[in-house]
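Chemist: Provided herewith is a single structure, encoded as structure tokens, for subsequent inquiry.
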Amino acid sequence: MWLAPLLLAAGLELARAPAEDEECAAPEAPELLVIEVPEQPAETGPGCSPPPTPTTSPAPKAETLEASPEAPGPLMFVLDGRVLIDTDADPEWGRGRARADARGAGPARSVRRAAARKSVPEDLWKLSGERVVLYGPSGRVCEGRLDALSIAARYSGELELLYEEEARLGGDGVFDEARDAGVRLSRRVDERIYEDGPWSLEAALADTRGSCDGALWARLATDLEPAIYTTSAAGSPDERDAGAWDTVTELAAFRELRDGHVTFSQELGASPSEAEAAWARFVAEERRVQRWRDPASGDTLVTVQLGAPGVPSCGEFDGTLAALLRAHGDGGFELLEAELGARPIAIFDRDHDGAPELIVSSGIAIELELLERDDDAYDVVDQVEVPFFGCPC
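The opening position of the sequence shown corresponds to residue 2 in the working numbering, with each subsequent residue numbered one higher.
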């Protein structure tokens, strides 16, 4: 029976009215976040405000950052089997005296100096040792590793005449010393001829795979494989390209070229009819139409050329035209560039953006330009030029 008082006491304790502050006290925070609202509100005692309804706010949406591809490395020209990392090098990037390059791999003769580690910009210096892939007009030709860096200056043309002129300025015996110009140049002569450059930072290739003959440009092996536009020999337009030729004949540049040729002929004594006939012969002899196609995508480009852009006229009419068009499946043509300024020798799309890059050549001496499309026109973004000495005619 001793349990009865305890039970009675417990009952009295339970029956005792709770104090207001006890009744309205907020419950202890749960250990887990409440994420659902109860269907029925909890009962409340008299005089109490209802407890706040548990609510959930949607978690802030995490911002998704798409990984952007790394910018491609430099696109580099190739001359004489060497990769030109920078076509506008500072002469101060070299150390020691300039020495004649005895390789004799191309029509130009060159002198070079070893690159100075402390002078070459770091982003260029670190390219030494990188593997590169080399391309010719029709695609990949070889790959290799960039060897030690040097700076080089080149000249082409009738260099013997230049050496004779320098010899007269330099005194007796200088020309004899420099006669074998492709192997050895006197210090006095090579400094005078090459000191003004232009200089380029370049590297020979090591650990090559494949023949690098005909290479025009190179990319880092880690960069994306470009789309290469292959081509056939240029000639008169066939039925597929008649529309491209018709598009070009509507250009203001074409009309200016025609008017210039007619005027040129009349100034030489031709009658109006003879001048028109001379223009017709010029078109028949100088017109070149060439198709370029990316085998993977089927994208087809057409180049139309009149005359020889970049080649000296040697007293003849020197007007030229070079245009680039895109062929569409319906037989139509879209004009991409009306004034290329030189002859395309390679077309590729290095980043697959639908705006292919072009390498064009002057056709005289050694001059290459890299053209990239910006908005609605092609602009020169890099070039290499080897000074030509002598008469090109």
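Glycine included, C-beta positions come from ideal geometry on N, C-alpha and C.
Exposed or buried, which one is Pro47 when buried takes at least 16 other CB atoms within 10 Å?
Modeler: Any reading at Pro47 must be qualified, since the residue scores a pLDDT of 49, below 50, and its modelled position is unreliable; no value is offered.
Chemist: Touch check for the stretch 337–355 and the stretch 367–383: three-plus C-beta pairs under 8 Å?
Modeler: yes
Chemist: Using C-beta distances below 7 Å, list every residue in its chain close to Gly244, excluding the 5 sequence neighbours before and after it, in chain order.
Modeler: Gly332, Gly333, Phe334
Chemist: Exposed or buried, Arg395, counting other C-beta atoms within 10 Å across all chains shown (16 or more means buried)?
Modeler: Here the chain covers residues 2 to 394 and nothing more, so residue 395 does not appear.
Chemist: What first and last residue would you give for the beta strand (DSSP E) that runs through Val385?
Modeler: Going by DSSP, Val385 is part of the beta strand (DSSP E) stretching over 378–387.
Chemist: Determine the closest residue to Arg327 out of Ala253, Asp242, Phe283, with distance taken between C-alpha atoms.
Modeler: Asp242
Chemist: Can you name the start and end residues of the alpha helix (DSSP H) that Asp208 belongs to?
Modeler: Counting along the chain, Asp208 falls outside any alpha helix (DSSP H), though it belongs to the beta strand (DSSP E) covering 200–210.
Chemist: May I ask you to verify whether the stretch 351–358 touches the stretch 261–279, counting CB pairs closer than 8 Å and requiring at least 3?
Modeler: no
Chemist: Between Val84 and Glu203, how many whole angstroms is the CB-CB distance? I'm expecting something under 8 Å.
Modeler: 6 Å
Chemist: Give me the DSSP bridge partner(s) of Ala115.
Modeler: Its beta-bridge partners are Arg96, Ser151.
Chemist: Out of Cys392, Ala228, Gly391, Tyr136, state which residue places its alpha-carbon closest to the alpha-carbon of Leu302.
Modeler: Ala228
Chemist: Whether or not the stretch 214–231 and the stretch 117–127 are in contact is what I'm after, with contact meaning three or more pairs of Cβ atoms, one per stretch, closer than 8 Å; do they touch?
Modeler: Three or more beta-carbon pairs separated by less than 8 Å are not found between the stretch 117–127 and the stretch 214–231, which leaves the two stretches without contact.
Chemist: Between Leu125 and Asp87, what straight-line distance do the alpha-carbon atoms span, to the nearest angstrom?
Modeler: Near 8 Å, if we compare the C-alpha coordinates of Asp87 and Leu125.
Chemist: In the DSSP assignment, the alpha helix (DSSP H) including Gly244 goes from what residue to what residue?
Modeler: 243–250
Chemist: Can Ala72 and Val112 be called in contact, C-beta distance under 7 Å?
Modeler: no
Chemist: What does a CB cutoff of less than 7 Å around Arg133 pick up in its chain, not counting 5 residues either side in sequence?
Modeler: Checking the sequence shown, residue 133 turns out to be Val, not Arg. Answer for Val133: Val84, Glu144, Gly145, Leu147, Ala219, Arg220, Leu221, Ala222, listed in chain order.
Chemist: Using the Cβ count rule (16 or more neighbours within 10 Å means buried), how would you classify Cys213?
Modeler: buried
Chemist: Write down the C-beta distance between Gly391 and Gly198 rounded to the nearest angstrom, noting that I regard them as a contact closer than 8 Å.
Modeler: Incorrect: roughly 19 Å between the Cβ atoms, too far for contact.
Chemist: Classify Asp295: buried if its beta carbon has 16 or more other beta carbons within 10 angstroms, exposed otherwise.
Modeler: Per the 10 Å Cβ criterion, buried.
Chemist: Looking at the unbroken alpha helix (DSSP H) that takes in Ala279, where does it start and where does it end?
Modeler: 273–287
Chemist: Once DSSP output is grouped into helix, strand and coil, what is the label at Thr264?
Modeler: If DSSP states are grouped into helix, strand and coil, Thr264 belongs with the helices.
Chemist: Can you check whether the CB of Gly308 is closer than 7 Å to the CB of Glu287?
Modeler: yes
Chemist: Enumerate in chain order the residues of its own chain whose CB-to-CB distance from Gly130 is below 7 Å, with the five nearest sequence positions on each side excluded.
Modeler: Arg146, Leu147
Chemist: When DSSP labels each residue in this structure, what does Glu240 get in the three-state scheme?
Modeler: Reduced to three states, the DSSP call for Glu240 is helix.
Chemist: Taking Ala347 and Leu217 to be in contact with their CB atoms under 8 Å, please state how far apart those CB atoms are, rounded to whole angstroms.
Modeler: 5 Å
Chemist: Distance check for Asp224 and Gly211, CA to CA, integer angstroms please.
Modeler: 19 Å
Chemist: Looking at C-alpha atoms only, which residue of Tyr136, Leu80, Ala281 is the closest neighbour of Arg351?
Modeler: Tyr136
Chemist: What's the gap between the Cα of Ser314 and the Cα of Gly261?
Modeler: 14 Å
Chemist: How many Å lie between Trp280 and Phe389 at the Cα?
Modeler: 31 Å
Chemist: Does DSSP put Phe255 in a helix, a strand or coil?
Modeler: helix
Chemist: For Arg114, which residues of its own chain have a beta-carbon under 6 Å away from its beta-carbon, when the five flanking residues on both sides are left out?
Modeler: So the list reads Gly95, Gly97, Ala99, Ile152, once near-sequence residues are dropped.
Chemist: Cβ atoms of Val387 and Ile367: under 7 Å apart, would you say?
Modeler: yes
Chemist: Out of Ala343, Trp293, Thr321, point me to the one whose CA is closest to Ser139's CA.
Modeler: Trp293
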